[in-house]
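Here is the structure we will look at, set down as structure tokens.
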Amino acid sequence: MMLLRVVLVVCILMFNEGDGKNLAFKKPTWQTWEKASSRFAVDGRRDEDPAGGNQCAESIGSKENTWLVDLEDIQSISRIVIYHRTGGVSFGCPIGVYGANCDIPCPRNCTYCNYITGKCLGDCSLGYSGHSCENYVRKNLALHRPTTELYPFSSKNPSGKLVDGMKSNLAYAGGQCTATLENKEIAMWRVDLERISQVERIVVYARTDNKKWGPDNGFTAVYLGFYLYISNTTNLEDGILCHHDTTFTKQTIPKLLKVKCPYSGQFVIYYNERLPGVKYPPGYSTKAQADFCEVQVFGCPSPVAYVPQCTKPCPSNCDKCHFRTGLCSKCKPGFDGVDCDIVCHALARTTILPSSTFNASIYDAMTSRNGLSFSEADEDGLVYINLFLSGMSSNLANISFEINKTHNVTVFLFNTEDHEIKLIQYAQGTLNQQ
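Taking this note's numbering, I'd label the letters of the sequence shown as residues 52 to 485.
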């Protein structure tokens, strides 16, 4: 009979939120068969130099071992990082390479791969999936969306040509490209994604007129110095500058531009300028143009979690959704719960005039399916329902009610000093007001 003993040795363990905060730092810990304190795994130290004292949690060898940390609250965890004790001996390969000599790069778009096989270990770049992160699974958010450009060259090739999915012919005469007038100081083209979306990268197919791409192709000079903005309005000054070209030359600018742009917004704006009195680098064109054949905007419709297929929506009543997990960290006013599906009912003390008797409390009767029924009114033909909200329920998100068989409904809202802050009036009939 063979007895297997397990020794647990951990120098540091981290639980991260999306903003990088270590949720486990100096939180209560526990482990079985403790040899070196379990708290060493969450004290923020991971130097194995003996001069620095023991910085790793360690257990006595046994058939099984358990270590745990109490985060002291329910948390949204994005990743767990464990630093193992190595005893000063090299283990595996540095991040980004693999192989017997640790000289083979991990697959493109893979941050961390198996140090023997090169298989990506679940940390592909955003939008990529597969064992080698070879599959790009994001949606082209710009396809067939509304577009606008300044100074179009001709109505025959409108700005929408850049989002029609056609890019097999990179010449203007091929009918798949658009162009702007050649004698302008500024050039602008934008696409409306029709909702605020999470953009990851932008791909631009340059107009080449099907000629060899290089310094002798006149369009290389046109694109130099371009700007890309992501904005929630049509004004680029309201947006975020995603990219400004300051490094390309006529010799180096590619005809297929791929720009990482990890921002959210509704409008993607291309802008370039050749302003009078401004000295531009050598090789720049003298005038600004926006001549392209296709623009693709890849990312996720928002709000949505960053799962590979871009298909996990945030809860409908969620105001702030974690971009990787889809978990809600802030519900919209009036809602509560993990999925924001619990309606927050205000706590209130209720009185009515004229007085009536009900089987339950007035508030319970009013919020029940049958509601309140008044058999008579006061001498003026009026009835009153007064709700006195508790302090915890005074921040109202909405008011909803249904009234039947009555006329001229008036709703007053008062503050704590009995000053009227809002008056809502309705004509006769049945209503349900939010």
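Beta carbons: idealized from backbone N, C-alpha and C, even for Gly.
Coarse secondary structure for residue i, derived from DSSP in three states
i    : result
A92  : helix
K170 : coil
V250 : strand
V434 : coil
E115 : coil
A102 : Residue placement at A102 is flagged as unreliable, the pLDDT there being 48, under the threshold of 50; the coordinate-derived value follows with that caveat. Three-state DSSP puts A102 in a helix.
Y331 : coil
G69  : Bear in mind that a pLDDT of 49 at G69, under 50, signals an unreliable position, so the number given afterwards is only what the model happens to contain. Residue state, collapsed to three classes: coil.
A87  : strand
R241 : strand
C107 : coil
L378 : coil
R400 : strand
K371 : strand
E34  : Any answer about residue 34 is impossible in this case: the structure gives the chain only from 52 up to 485.
A257 : strand
I454 : strand
M52  : Bear in mind that a pLDDT of 37 at M52, under 50, signals an unreliable position, so the number given afterwards is only what the model happens to contain. M52 falls in the coil class under three-state DSSP.
E123 : coil
L440 : strand
P145 : coil
P156 : strand
C365 : coil
G138 : coil
G350 : strand
Buried versus exposed, by CB contacts within 10 Å (16 or more), residue i
i    : result
N455 : exposed
A341 : buried
S129 : buried
S89  : buried
E109 : buried
N466 : exposed
Y435 : exposed
N323 : buried
R325 : buried
G276 : buried
L221 : buried
C547 : Residue 547 falls outside the range modelled here, since the chain spans only 52 to 485, and no answer is possible.
M52  : Low local confidence applies: a pLDDT of 37 at M52 is under 50, so the model's placement there is unreliable, with the coordinate-based value given in what follows. It counts as exposed.
T198 : buried
K114 : exposed
A151 : exposed
P145 : exposed
V346 : buried
R400 : exposed
I3   : Residue numbering for the chain in the displayed model covers 52 to 485; residue 3 lies beyond these limits and cannot be assessed.
L119 : exposed
F349 : buried
K301 : buried
G316 : buried
V394 : exposed
I167 : exposed
I450 : exposed
S336 : buried
Boundaries (first-last residue) of the beta strand (DSSP E) holding residue i
i    : result
T271 : From DSSP, T271 is part of no beta strand (DSSP E) but of the alpha helix (DSSP H) over F270 to Y274.
L119 : W118 to V120
D392 : Where D392 is concerned, there is no enclosing beta strand (DSSP E), given that its DSSP letter is neither H nor E.
V132 : R130 to H135
D267 : Segment: none, D267 is in no beta strand (DSSP E) and carries neither H nor E.
I281 : Y278 to S282
Q82  : T80 to Q82
T337 : T337 -> no beta strand (DSSP E), and no H or E assigned at all.
F76  : Element bounds for F76: n/a, residue is neither H nor E.
L464 : V460 to F465
Residue i CB to nearest heavy atom of the ligand PLP below 7 Å
i    : result
R252 : The ligand PLP is not part of the structure shown, which contains no ligands of any sort.
Please determine if the stretch 154-164 and the stretch 182-197 are in contact, where contact requires at least 3 C-beta pairs separated by less than 8 Å.
yes
With contact counted as at least three CB pairs below 8 Å, one residue from each stretch, are the stretch 259-271 and the stretch 238-247 in contact?
no
Touching or not, the stretch 231-242 and the stretch 330-348, by the rule of three or more beta carbon pairs under 8 Å?
yes
So, do the stretch 271-284 and the stretch 210-217 have three or more beta carbon pairs nearer to each other than 8 Å?
no
Only counting runs of 3 or more residues, tell me where the beta strand (DSSP E) segments fall wholly within the stretch 161-237, in order along the chain.
DSSP runs (the beta strand (DSSP E)) wholly in the stretch 161-237: 198-200.
Quick check on the DSSP output: what are the complete beta strand (DSSP E) runs of length 3 or more inside the stretch 285-320, in order along the chain?
291-295 and 307-311
Between the stretch 249-258 and the stretch 302-318, do three or more beta carbon pairs fall short of 8 Å?
yes
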